[in-house]
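Step one of this worksheet: look at the structure below.
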Amino acid sequence: DEKVGYNTRDVLIYNLGVGATEPCFTFEGDPAFQGALPTFPLCLIHKGSSLDVVPFAPTQTLPPALAKVPHAAIVHGEQSISLYKPLPTSAMEGLVHRTRVVDLEDKRSGALLTLHTTLLDTRSGDIIAT
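The numbers in the working numbering rise by one with no breaks, and the one at position 36 of the sequence shown is 980.
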């Protein structure tokens, strides 16, 4: 399990970065502020719980046996997300992501690695997203 955390500033930067313009997603003082967009959990696996700028390192998410794969050899094929609970506006404590290898398939010129990540609230035991 890897701890993850974020604050309202992280949510606002993410929302603006993906093109949100409505005040309910871009201004925390808006009475209708909704917090994070539904795709926000996809970036938490890279962010961890740091409040600082986090350099993107693709090998962070690979199983240890594949950590030495050159970055140039990694191609991102697809991803999806399912939300089960609303995302808190800010969550600096109590969230973890758990990633496991689901499949590894030889493709002759490379390999297809399928990972499954679950975002959990450790306080309630609830699954927030997969």
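Even for Gly, the Cβ is constructed at its ideal location relative to N, Cα and C.
Query	Result
Exposure label - Ile1025; buried when at least 16 CB within 10 Å	exposed
Beta-carbon proximity list for Val955, same chain, < 6 Å, skipping 5 on both sides	Gly979 and Ala980
Start and end residues, alpha helix (DSSP H) containing Gly961	Thr952 to Gly961
Supposed contact pair Val1046 and Leu1064 - C-beta distance, whole angstroms, cut 8 Å	Actually they are not in contact, since the Cβ atoms of Leu1064 and Val1046 sit about 17 Å apart, beyond 8 Å.
Coil, strand or helix - Lys1012 by DSSP	coil
Contained beta strand (DSSP E) runs [length at least 3] in the segment 1016-1054, N- to C-terminal order	1035-1050
Whole-angstrom C-beta distance between Tyr950 and Lys925, which should lie under 8 Å	The structure shown does not extend to residue 925, since the chain spans only 945 to 1074, so no value can be given for it.
Beta-carbon proximity check, Ile989 vs Thr1061, cutoff 7 Å	yes
Beta carbon of Ala976 nearer than 7 Å to that of Cys987	no
Whole-angstrom C-beta distance between Thr970 and Leu960, which should lie under 8 Å	6 Å
Environment of Pro1075 [buried if 16+ CB atoms lie within 10 Å]	What the structure shows of the chain is the stretch from 945 to 1074, and residue 1075 is not part of that stretch, so it cannot be assessed.
In DSSP terms, what Ala976 is bridged to	Note: Ala976 sits in no beta bridge, so no partner.
Sequence-distant residues of its chain with Cβ nearer than 7 Å to Ala1073 (five each side left out)	Pro985, Ile1025, Ser1026, Leu1027, Tyr1028 and Leu1063
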